[in-house]
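For the sequence shown, the numbering used here begins at 236 and goes up steadily by one.
Below you'll find the structure, written out as structure tokens, and then a few comments.
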Amino acid sequence: MLRIVCNLLSLQTKKYIAEVEILDKLEVIKNRWEEIAEQMNDPSVMTDMKHFVKLNKDYKELEPIVKAYKAYKNLLSNIDNAREILNTEKDPEFREMAKEELDELLPQRENMEENIRMLLIPKDPQDSKNAVMEIRAGTGGDEASIFAGDLFRMYQKYCETKHWKVEVVELNEGTAGGFKEIVFNVIGDGAYGTLKFESGVHRVQRVPKTETQGRIHTSAASVVVLPEADEFDVELHDKDIRKDTYCSSGPGGQSVNTTYSAIRLTHIPSGIVVTCQDEKSQIKNLAKAMKVLRTRLYEQEYNKYLKEMSSKRKTMVSTGDRSAKIRTYNWPQGRVTDHRINLTLYNLQSIIDGDIQELIDKLQLAENAERLKEEFE
Numbered sequence: 236m237l238r239i240v241c242n243l244l245s246l247q248t249k250k251y252i253a254e255v256e257i258l259d260k261l262e263v264i265k266n267r268w269e270e271i272a273e274q275m276n277d278p279s280v281m282t283d284m285k286h287f288v289k290l291n292k293d294y295k296e297l298e299p300i301v302k303a304y305k306a307y308k309n310l311l312s313n314i315d316n317a318r319e320i321l322n323t324e325k326d327p328e329f330r331e332m333a334k335e336e337l338d339e340l341l342p343q344r345e346n347m348e349e350n351i352r353m354l355l356i357p358k359d360p361q362d363s364k365n366a367v368m369e370i371r372a373g374t375g376g377d378e379a380s381i382f383a384g385d386l387f388r389m390y391q392k393y394c395e396t397k398h399w400k401v402e403v404v405e406l407n408e409g410t411a412g413g414f415k416e417i418v419f420n421v422i423g424d425g426a427y428g429t430l431k432f433e434s435g436v437h438r439v440q441r442v443p444k445t446e447t448q449g450r451i452h453t454s455a456a457s458v459v460v461l462p463e464a465d466e467f468d469v470e471l472h473d474k475d476i477r478k479d480t481y482c483s484s485g486p487g488g489q490s491v492n493t494t495y496s497a498i499r500l501t502h503i504p505s506g507i508v509v510t511c512q513d514e515k516s517q518i519k520n521l522a523k524a525m526k527v528l529r530t531r532l533y534e535q536e537y538n539k540y541l542k543e544m545s546s547k548r549k550t551m552v553s554t555g556d557r558s559a560k561i562r563t564y565n566w567p568q569g570r571v572t573d574h575r576i577n578l579t580l581y582n583l584q585s586i587i588d589g590d591i592q593e594l595i596d597k598l599q600l601a602e603n604a605e606r607l608k609e610e611f612e
């Protein structure tokens, strides 16, 4: 009996400590949120647009946590009041009302604490950005190019369900269909934070259209997802960029137009080359190419961050390793397996048709669990 009482006291003590720790974290965040609000009203800060944009972003990110903090404090106050009535009130009717209220409030507290823990997980500051995606055919010849085309259409259909805009920047079509490589922008709130889990090698097992004897082949395509870098992230100087214009062309060198609308940018210090010929307007192609060039330069620094994070988390699913095999699409068995979280789904056709939300949700859940463990250990 004594052991049971001690265990209950120990459990209550742990809950109290956890509650105090959450309140301390939330109080620090609220103070920081109020400090940011003051800075944003400072005329000297308003003149520094780069600093003001960052403050505004931080303010919006902290606001949901501050709202949760205020609701949580109010809930704890109501719980304390109900307990006070139970401990001091002698009127049976008042005591019964307090007990009923407490029975409703305690489960709310547990749910609210879980939500707050999720809100307290440090967010990747890049998650809210647009995404730049690259799909490249790997091993498997023509079948790999066809599969790269399947992946592009899969992402394109998924983006339609999210009401995100897809802009093709650069493509090189395969001889039997699909793409040897395709680069495209995904424009939408939180696009990178959602699609970053798709980075890595995607493998397909099926009978290719080019196969005459019905044998199953294994081919692959690599997917790279990057946060779109804006002008505040990367500073580009005109003297470091060589711009070439040329006539855009289609498959097999077929001329598409006779104007010099296609753009090739070469960043001289790094040697990075970006081309864009998707638009008929040279100005629009230049704008797209500049976005990709900024992102490619930003990638070098961002990958250092990803590698540092992946070394800390065993289940980190958004690493900078382009060669990591992450998923297999098996046509004969109609299944898709994500190797990072050992998840197998038997709805391959709907996934290829763009229904990848369940995969993304499970991957986000796995990463959040790891980050939550890291934050509160």
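We put the beta carbon where it would ideally sit given N, CA and C, even for glycine.
Source: prediction; values computed, not measured.
Grouping DSSP H, G and I as helix and E and B as strand, with all else coil, what is Ala604?
helix
Quick one: what's got a C-beta closer than 7 Å to Leu386's C-beta in the same chain, skipping five residues either side?
Ile370, His437, Ala456 and Val458
Check each candidate in Glu262, Glu534 and Gly425 and name the one with the smallest Cα separation from Lys397.
Gly425
Quick check: Lys364 and Glu463, are their CB atoms within less than 8 Å of each other?
yes
How big is the Cα-Cα spacing for Leu532 and Ile576?
31 Å
Buried or exposed by the 16-neighbour rule on C-beta atoms within 10 Å, applied to Ser434
buried
Per DSSP, which residues does Ala366 bridge with? Please list them.
Val421 and Pro462
Option nearest Glu614 by Cα separation, candidates Ile507, Gln517, Lys515 and Thr572
As displayed, the chain neither begins before 236 nor continues past 612, which places residue 614 out of reach and without an answer.
Taking C-alpha atoms, which residue in Asn346, Ala366, Trp268 and Leu310 lies nearest to Lys526?
Ala366
Length of the line joining the Cα atoms of Asp596 and Leu430:
11 Å
Smallest Cα separation from Val421: which of Cys394, Thr410 and Val442?
Cys394
Residues bridged to Thr510 (per DSSP)
Arg499
Delimiting residues of the beta strand (DSSP E) encompassing Thr199:
Outside the displayed range of the chain (236 to 612) lies residue 199, so it cannot be described from this structure.
Three-state class that DSSP yields for Gly488 in the structure shown:
Only weak support is given to the placement of Gly488: the predicted model assigns it a pLDDT of 44, under 50, and the question is left unresolved by the model.
For Cys511, is the classification buried or exposed, using 16 other Cβ atoms within 10 angstroms of its Cβ as the cut-off for buried?
buried
Option in Gln592, Asn291 and Val439 with minimal Cα separation from Tyr390
Gln592
Nearest-angstrom Cα separation, counted from Ala601 out to Leu594
11 Å
Near Asp377, what residues of its chain come up, given a Cβ to Cβ distance below 7 Å and the 5 sequence neighbours on each side ignored?
Gly409, Thr410, Ala411 and Thr445
Assigned secondary structure, Val527 (DSSP; H/G/I helix, E/B strand, else coil):
helix
Report all residues from its chain with a CB closer than 6 Å to the CB of Lys515; omit the five preceding and five following residues, and keep chain order.
Ser496
According to DSSP, is Pro448 helix, strand or coil?
In the sequence as displayed, the identity of residue 448 is Gln instead of Pro. In the structure shown, Gln448 sits in coil (DSSP, three-state: anything other than H, G, I, E or B).
Check the DSSP bridge columns for Leu578 and list the partner residues they point to.
Asp573
Helix, strand or coil for Gly428? Go by DSSP, reduced to three states.
helix
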